[in-house]
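Going down the list, the sequences are from chains A and B.
Using the numbering used here, read the first sequence as starting at 1 and increasing by one per residue.
Using the numbering used here, read the second sequence as starting at 1001 and increasing by one per residue.
C-beta: ideal position from N, C-alpha, C; glycine also.
For clarity, every value in this text was computed on a predicted model and none was experimentally measured.
Scroll down for the structure; my scribbles are underneath it.
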Amino acid sequence: MSSLTRQKPSNLDKNVGKGKPEVNIATFALLFSEIVQYCQNRVYTVPELQNKLAELGQHVGSHLLDVLFLREKGFKREIKLLQMLIFIKSNVWKTLFGKEADKLEHANDDERTYYIIEKESMVNKFISVPKDKGNLNCAAFTAGILEAVLNGANFPAKVTVHWHKGTTFMIKLDESVIARDKHIDGR
Amino acid sequence: MSRQASRGGDPRKVNGELFTLTYGALVAQLMKDYENDDEVNKQLEKMGYNIGVRLIEDFLARANIGRCSDFRETADIVARVAFKMYLGIQPVVSNWSAAGDEFSLLIENNPLTDFVELPDGHNALHYSNLLSGVLKGSLEMVQMDVDVRFVQDQLKGDNITEIRLKFIKRLEDAIPAGED
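This is the structure:
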């Protein structure tokens, strides 16, 4: 129950706007570095740390999804898988990082697997990975964002991050997505 | 306010919403980890402090600003230069104490709090408390011991967000052990 004395502002009363003016990259970098350190202090292994970062990314992604569709697509949701992936590669990436992702690829041997490849990930630019944690990739945070965006748009998927030709996000879609896509195509 | 640059232009900038939401994710995580508003405030301040300690170097290197002669100049530079450089806003400096050792920063649109609604029952939480830590940490590096606290917060229904800074003392240069 809200208090009687003061009315708290509600976001529904506000205009969603055209996108904020940007902030200095140093501001983001330092905040992100604190986040990585905070997570690091609460986990024991590299995979745990990546999971934690992915969790935080999911929080961002799930909140971003509606804003994106509202602004970029005029409320229209994507129903076709390929369109959705292209939307992520271009619109989502542009909004978040100011440029399109470098590549979107489909795995030859598995129709459920797609890759988004980035030469230099923005979130990794400021993190120097210590030698004993060789495979740590802080872009797990971005993977979390992607996963939340896909899941929120009803394309259930698992997104993981790998060091391969730069930073590669592996998108493994749920069977149901492929089945549905074929169904739509067949109509 | 700077006009919104064309998307994807400046590599020295980052989308404001990504920043806002990332901060939101952090606060949400802290709320989960600590379950207590005061503890979350403390943790946010601590992280802000760590940021401030590093941020001041970046700031001094880029802004080309010398030592402040008094606290009024400090206030001016924090509001006009530093906030503008790092958050893209310019808070108003006001409510000076008679002695000139205390002032308020009035922030109208806090970039940390876009999309944020505080659920009921969190009246003790200072959502943007990271800023307190940043201010404290960075000023400490230029030898000013300052007390920073939130007195008003738009998230709690106030008309404006007000951060109060109080000058406590000048920190002396510590001489490293073993040197005269």
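Residues near residue i by beta carbon distance below 6 Å, same chain, minus five either side
i: B:E1017; result: none
i: B:R1149; result: R1164
i: A:E118; result: A101, D102, G166 and T167
i: B:N1129; result: N1041, L1044 and E1045
i: A:D110; result: none
i: B:V1081; result: A1063
i: B:Y1034; result: V1040
i: A:I145; result: G57, V60 and G61
i: A:L150; result: A157
i: A:S90; result: E100
Among the options, the one whose alpha carbon lies nearest that of residue i
i: A:N51; options: A:C138, A:N24, A:D102 and A:F97; result: A:C138
i: A:L49; options: A:I35, A:H59, A:V60 and A:E147; result: A:I35
i: A:Y115; options: A:A179, A:T167 and A:G57; result: A:T167
i: B:D1101; options: B:F1167, B:D1158 and B:I1065; result: B:F1167
i: B:L985; options: B:N1123, B:R1072 and B:V1078; result: Residue numbering for chain B in the displayed model covers 1001 to 1180; residue 985 of chain B lies beyond these limits and cannot be assessed.
i: B:Q1029; options: A:F32, A:V43, A:A153 and A:L56; result: A:L56
i: B:C1068; options: B:D1120, B:Q1143, B:Y1034 and B:D1033; result: B:Q1143
i: A:F32; options: B:K1032, B:N1050, B:D1037 and B:L1060; result: B:N1050
i: A:P21; options: A:T95, A:W163, A:K182 and A:K73; result: A:T95
i: B:P1193; options: B:G1157, B:L1131, B:M1031 and B:K1032; result: Nothing can be reported for residue 1193 of chain B: it is not among the residues displayed for chain B, which extend from 1001 to 1180.
Residues that residue i contacts on chain A, provided the C-beta gap is smaller than 9 Å
i: B:M1047; result: L31, E34, I35, Q37 and Y38
i: B:T1192; result: Limits of chain B in this structure are 1001 at one end and 1180 at the other, which puts residue 1192 of chain B out of reach.
i: B:L1055; result: A26, T27 and L30
Within chain A, partners of residue i - CB distance below 7 Å
i: B:R1080; result: The contacting residues do not exist; B:R1080 stays about 15 Å from chain A at best.
i: B:Q1029; result: L56
i: B:D1058; result: A26
i: B:L1087; result: V23 and T27
i: B:N1050; result: E34
Whole-angstrom C-beta distance between residue j and residue i, which should lie under 8 Å
i: A:A140; j: A:A29; result: Wrong, their Cβ atoms sit about 17 Å apart, outside the cutoff.
i: B:F1019; j: A:V23; result: 5 Å
i: A:I25; j: B:R1012; result: 5 Å
i: B:S1138; j: B:V1053; result: 7 Å
i: A:P60; j: B:T1022; result: Note that residue 60 of chain A corresponds to Val in the displayed sequence, not to Pro. That belief holds up - the Cβ atoms of A:V60 and B:T1022 are roughly 6 Å apart, short of 8 Å.
i: A:I79; j: A:I184; result: 7 Å
i: B:G1024; j: A:H63; result: 7 Å
i: A:F155; j: A:L70; result: At roughly 18 Å, the Cβ-Cβ gap does not stay under 8 Å, so A:F155 and A:L70 are not in contact.
Contact set for residue i: own chain, Cβ-Cβ below 7 Å, skip 5 residues either direction
i: A:K172; result: R112, T113, A157 and K158
i: B:V1093; result: A1075, D1076, A1079, F1103 and L1105
i: A:A153; result: L65, R77, E78 and M84
i: B:S1002; result: Only weak support exists for where B:S1002 lies, its pLDDT of 42 falling under 50; the value from the coordinates is given anyway. So the list reads G1088, once near-sequence residues are dropped.
Proximal chain A residues relative to residue i, where beta-carbon distance stays under 8 Å
i: B:K1013; result: E22, V23, N24, I25 and G98
i: B:P1091; result: Neighbours of B:P1091 on chain A: none; closest Cβ ~15 Å, over 8 Å.
Straight-line Cα distance separating residue j from residue i
i: A:C39; j: B:K1046; result: 14 Å
i: A:L136; j: A:V46; result: 6 Å
i: A:I86; j: A:L104; result: 8 Å
i: B:V1014; j: A:R187; result: 42 Å
i: A:A148; j: B:E1140; result: 40 Å
i: A:M170; j: B:K1169; result: 54 Å
i: A:V177; j: A:M84; result: 11 Å
i: A:E120; j: A:W93; result: 13 Å
i: A:A107; j: A:F75; result: 31 Å
i: B:N1110; j: B:A1063; result: 22 Å
i: B:F1071; j: A:T27; result: 24 Å
i: B:L1125; j: A:R180; result: 45 Å
i: A:E175; j: B:G1088; result: 45 Å
i: B:N1036; j: B:G1133; result: 18 Å
i: A:A143; j: A:Y44; result: 21 Å
i: B:G1121; j: B:E1172; result: 42 Å
i: B:M1085; j: A:Q37; result: 24 Å
i: B:I1065; j: B:F1083; result: 14 Å
i: B:M1031; j: A:N124; result: 26 Å
i: B:E1162; j: A:S10; result: 20 Å
C-beta neighbour in chain D for residue i, strict 8 Å
i: B:A1025; result: Absent from the structure: chain D. Protein chains present are A and B.
Contact set between residue i and chain B, taken where Cβ atoms lie within less than 7 Å
i: A:S10; result: E1117
Own chain partners of residue i with C-beta closer than 8 Å, once the 5 adjacent residues on each side are dropped
i: A:F97; result: M122
i: B:I1160; result: L1106, I1107, E1108, Q1152 and Q1154
i: A:R42; result: K52
i: B:Y1127; result: V1027, L1112, T1113, V1116, L1118, D1153 and L1155
i: B:V1146; result: L1135, K1136, L1139, E1140, L1165, K1166, F1167 and I1168
i: B:D1038; result: A1124
i: A:W163; result: N135 and N137
Chain B residues whose Cβ lies nearer than 9 Å to that of residue i
i: A:T95; result: R1007, N1015, E1017 and L1018
Interface partners of residue i on chain B, CB under 8 Å
i: A:H63; result: L1021, G1024 and F1115
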